[in-house]
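Engineer:
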Amino acid sequence: EKGGYDHFMLKEICEQPNVIKDTYRGRLHANQGIIQMAGVEDNIEKFLNAERILIIACGTSWHAGLVAEYVIEEFARIPVEVEYASEFRYRNPIINKKDVVIAISQSGETADTLAAIKLAKERGAFVFGVCNVVGSSISRETHAGAYTHAGPEIGVASTKAFTTQITVLTMIALRLAKAKGTLSNSDFHRYLQELEVIPEKVLEALQTNDKAKEIAEKFKDASNCLYLGRGYNFPVALEGALKLKEISYIHAEGYPAAEMKHGPIALIDEQMPVVVIAPKQGHYDKVVSNIQEIKSRSGKIIAVVTKGDKQVKELADHVIEIPETSDALSPLVTTIPLQLLSYHIAVLRGCNVDQPRNLAKSVTVE
Ligand code: M6R
């Protein structure tokens, strides 16, 4: 049932090129310049009239929501707010009839997300679900939605659910951008083409497995770890840190790289591994200066870079090379080596990778 893999988590990491394809199949028609998702088409007016989009989720799904905030605002120019479902439901939030709420959940059973959806519905919002489990409570409770088609995710640490959620949300952003005319025609077509080849790039990123294992050997005994990224890769830093802490029990924090100097930089010494996501596209020069700041304080730098990178290679202790993508689509690729790194660290530490202590696959109690 694990298809020859030692753990479900590794199997699910490796399935990503295929499940991303399953997610966009029949929806993304790059050559014709069309994105078609029934749940979005049927409610396109609601999306286009929305004064704001509220995204609610927990854990990894919340991280996918943060990526969606960046991509929807950039492509479709609709204001987006992302909230933890548990906070949203208890703070008497302002919800307007013209708000569109997007609830993201792999299992479709998360108690706080479900309660937040009910509240948003009571207050008249249109609620759209992005779920993986077909027929789940959240998929039934929402007005409309789009499934991620990742297939069953057994490992408690979410991997393929995350990348397929981002795929769906990016397609929504592109579809809305097309309707609103907020992206130029050439950019729209370019993103469609790029999204279509993402599975190949994810496949290439999976080839960093040996490198990730080699780095894992060096850092398996660390007691802390920082993850830094900027822009689209800030949520990836949060996700990388969550992955490490939940399966290896190493304390890890994700930060926007520029926030370092507002506190966490005090933690840096020669014992501290710092994982920096530094692809060529995006805020490369800014991230390079953040890397210099860590280096001058003797932190150990593990950098995820674009193939052929020279500048970061000179500074970092270890580099993991991934193929180039545009900034907005990069989380789909940069997240892969971070999943592999935490997987190998957890295995080397003898942890129960698929069923980490104290955690359940779906959190059905608040
Ligand atoms: O099923 P959901 O997407 O609603 O679950 C949300 C979180 O419980 C989940 O993402 C959790 O954080 C994962 N264990 C992270 O790997």
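For reference, each letter of the sequence shown is one residue, going 250 to 615 in the UniProt record's numbering. Glycine included, every Cβ here is placed at the ideal spot set by N, Cα and C. No experiment lies behind these values; they were computed from the predicted model shown.
For PRO401, which of ILE447, GLU261 and HIS392 has the nearest alpha-carbon?
Structural biologist: Taking the sequence shown and counting its residues from 1, one reaches residue 401 at position 152. The option with the nearest alpha carbon to PRO401 is GLU261.
Engineer: Quick one: is THR416 buried, meaning 16 or more other Cβ sit within 10 Å of its Cβ, or exposed?
Structural biologist: In the sequence shown, the residue the question calls residue 416 occupies position 167. Classification of THR416: buried, given that the 10 Å Cβ count is 16 or more.
Engineer: From what residue to what residue does the alpha helix (DSSP H) around TYR319 run?
Structural biologist: Mapped onto the sequence shown, residue 319 falls at position 70. Its alpha helix (DSSP H) spans residues 308 to 325.
Engineer: With DSSP collapsed to three states, give me the class of LEU302.
Structural biologist: The residue you call residue 302 lines up with position 53 of the sequence shown. Sequence inspection shows Ile at residue 302; the Leu mentioned does not correspond to that position. Three-state DSSP puts ILE302 in a strand.
Engineer: What would DSSP say about residue 239, mapped onto helix, strand or coil?
Structural biologist: In the structure displayed, the chain extends from 250 to 615; residue 239 sits before or after that span and is not available.
Engineer: Mapping DSSP to helix, strand and coil, what is ASN539?
Structural biologist: Residue numbering aside, residue 539 sits at position 290 when the sequence shown is read from its first letter. Helix, per DSSP.
Engineer: Which first and last residues belong to the beta strand (DSSP E) in which residue 689 is found?
Structural biologist: The structure shown does not extend to residue 689, since the chain spans only 250 to 615, so no value can be given for it.
Engineer: With a threshold of 7 Å (Cβ to nearest heavy atom), would VAL602 be considered close to ligand 1?
Structural biologist: Numbered from its first residue, the sequence shown carries residue 602 at position 353. Not so, every heavy atom of ligand 1 lies at least 7 Å from the Cβ.
Engineer: Report buried or exposed for GLN414, applying the criterion of at least 16 other Cβ atoms within 10 angstroms of its Cβ.
Structural biologist: For this step, residue 414 is matched to residue 165 along the sequence shown. With 16 or more Cβ atoms within 10 Å of its Cβ, GLN414 is classed as buried.
Engineer: How would you call GLY275, buried or exposed, if buried means at least 16 neighbouring beta carbons within 10 angstroms?
Structural biologist: As a first step, residue 275 must be located in the sequence shown, where it is residue number 26. By the neighbour-count rule (16 or more Cβ atoms within 10 Å), GLY275 is not buried but exposed.
Engineer: Any idea if ALA515 is buried or exposed, counting beta-carbon neighbours within 10 angstroms, 16 or more meaning buried?
Structural biologist: Here residue 515 refers to the residue found at position 266 when the sequence shown is read from its first residue. Per the 10 Å Cβ criterion, exposed.
Engineer: Is the distance from the Cβ of LYS544 to the Cβ of VAL554 below 8 Å?
Structural biologist: As a working note, residue 544 is residue 295 in the sequence shown. As a working note, residue 554 is residue 305 in the sequence shown. Taking 8 Å as the Cβ cut-off, LYS544 and VAL554 do not qualify as a contacting pair.
Engineer: In the DSSP assignment, what are the bridge partners of GLY404?
Structural biologist: Along the sequence shown, one-based indexing puts residue 404 at 155. Answer by DSSP bridge pairing: none, since GLY404 is not bridged.
Engineer: Rounded to whole angstroms, what's the CA-CA distance from GLU445 to GLU508? Just pull it up for me.
Structural biologist: Counted from its first residue, the sequence shown places residue 445 at position 196. Counted from its first residue, the sequence shown places residue 508 at position 259. Looking at the two C-alpha atoms, the distance is approximately 34 Å.
Engineer: Helix, strand or coil: which one does DSSP assign to TYR481?
Structural biologist: As a position in the sequence shown, residue 481 is number 232, starting the count at 1. In the structure shown, TYR481 sits in coil (DSSP, three-state: anything other than H, G, I, E or B).
Engineer: Leaving out five residues on either side along the sequence, give the residues of the same chain with a beta carbon under 6 Å from the beta carbon of LEU587.
Structural biologist: Translated into positions along the sequence shown, residue 587 becomes position 338. Result list for LEU587: GLY489, in chain order.
Engineer: What number of angstroms, rounded off, separates the C-alpha of ILE517 from the C-alpha of GLN530?
Structural biologist: The residue labelled residue 517 in the question sits at position 268 within the sequence shown. The residue labelled residue 530 in the question sits at position 281 within the sequence shown. Those two C-alpha atoms are separated by around 26 Å.
Engineer: Report the partner residues of SER354 according to the DSSP bridge assignment.
Structural biologist: On the sequence shown, residue 354 is found 105 positions in, with the first residue counted as 1. BP columns for SER354 point to CYS380.
Engineer: Assuming LYS409 and GLU264 make a contact with CB atoms under 8 Å, what is their CB distance in whole Å?
Structural biologist: Counted from its first residue, the sequence shown places residue 409 at position 160. Counted from its first residue, the sequence shown places residue 264 at position 15. Confirmed, about 5 Å.
Engineer: Quick one: give me the first and last residue of the alpha helix (DSSP H) that GLY288 is part of.
Structural biologist: Indexing the sequence shown from 1 puts residue 288 at position 39. Where GLY288 is concerned, the enclosing alpha helix (DSSP H) stretches over 287 to 290.
Engineer: Report yes if the C-beta of ALA406 is less than 7 Å from at least one heavy atom of ligand 1; otherwise report no.
Structural biologist: Against the sequence shown, residue 406 aligns to sequence position 157. It does: the Cβ of ALA406 is within 7 Å (strictly closer) of some heavy atom of ligand 1.
Engineer: For GLY404, is the classification buried or exposed, using 16 other Cβ atoms within 10 angstroms of its Cβ as the cut-off for buried?
Structural biologist: Translated into the one-based positions of the sequence shown, residue 404 becomes position 155. GLY404 comes out buried.
Engineer: Applying the 10 Å Cβ sphere with the 16-neighbour rule, what's the burial state of SER472?
Structural biologist: As a working note, residue 472 is residue 223 in the sequence shown. Counting Cβ neighbours within 10 Å, SER472 comes out exposed, since fewer than 16 surround it.
Engineer: Among THR412, GLN355, LYS492 and LEU425, which has the Cα closest to the Cα of ILE594?
Structural biologist: The residue labelled residue 594 in the question sits at position 345 within the sequence shown. Here the closest residue by C-alpha is LYS492.
Engineer: Give the C-beta separation of GLY478 and MET521 to the nearest angstrom, bearing in mind that I take them to be a contact with Cβ-Cβ under 8 Å.
Structural biologist: Here residue 478 refers to the residue found at position 229 of the sequence shown. Here residue 521 refers to the residue found at position 272 of the sequence shown. Incorrect: roughly 17 Å between the Cβ atoms, too far for contact.
Engineer: Please report the residue range of the alpha helix (DSSP H) in which PRO266 lies.
Structural biologist: As a first step, residue 266 is located in the sequence shown; it is residue number 17 there, counting from the start. Taken as a continuous stretch (DSSP letters only), the alpha helix (DSSP H) holding PRO266 covers 265 to 273.
Engineer: Considering only heavy atoms of ligand 1, does any lie closer than 7 Å to the CB of GLN265?
Structural biologist: For this step, residue 265 is matched to residue 16 along the sequence shown. No, Cβ of GLN265 sits at least 7 Å from all heavy atoms of ligand 1.
Engineer: Considering only the alpha carbon of each residue, which of PRO328, GLU449, ARG439 and ALA506 lies closest to VAL525?
Structural biologist: In the sequence shown, the residue the question calls residue 525 occupies position 276. Out of PRO328, GLU449, ARG439 and ALA506, ALA506 has the C-alpha closest to the C-alpha of VAL525.
Engineer: Mapping the DSSP letters down to three states, classify GLU519 as helix, strand or coil.
Structural biologist: Working through the sequence shown from its first residue, we reach residue 519 at position 270. It is coil, neither helix nor strand.
Engineer: Of all the options LEU418, TYR592 and ILE540, which has the alpha carbon lying nearest to the alpha carbon of ALA461?
Structural biologist: For the purposes of this step, residue 461 is taken as residue 212 along the sequence shown, with counting starting at 1. Among LEU418, TYR592 and ILE540, the Cα nearest to that of ALA461 is on TYR592.
Engineer: Mapping DSSP to helix, strand and coil, what is GLU573?
Structural biologist: For the purposes of this step, residue 573 is identified with residue 324 of the sequence shown, where counting begins at 1. GLU573 falls in the coil class under three-state DSSP.
Engineer: ARG424: buried (16+ other C-beta within 10 angstroms of its C-beta) or exposed?
Structural biologist: Position 175 of the sequence shown holds residue 424. Under this definition ARG424 is a buried residue.
Engineer: Helix, strand or coil: which one does DSSP assign to GLU332?
Structural biologist: Your numbering for residue 332 matches position 83 in the sequence shown. Here GLU332 sits in strand by DSSP.
Engineer: What does a CB cutoff of less than 7 Å around VAL383 pick up in its chain, not counting 5 residues either side in sequence?
Structural biologist: Counting from 1 along the sequence shown, the entry for residue 383 is found at position 134. Contacts found: TYR396.
Engineer: Note down the Cα distance separating LEU608 from TRP311, rounded to an integer number of angstroms.
Structural biologist: Your numbering for residue 608 matches position 359 in the sequence shown. Your numbering for residue 311 matches position 62 in the sequence shown. Spanning the two alpha carbons is a distance of roughly 17 Å.
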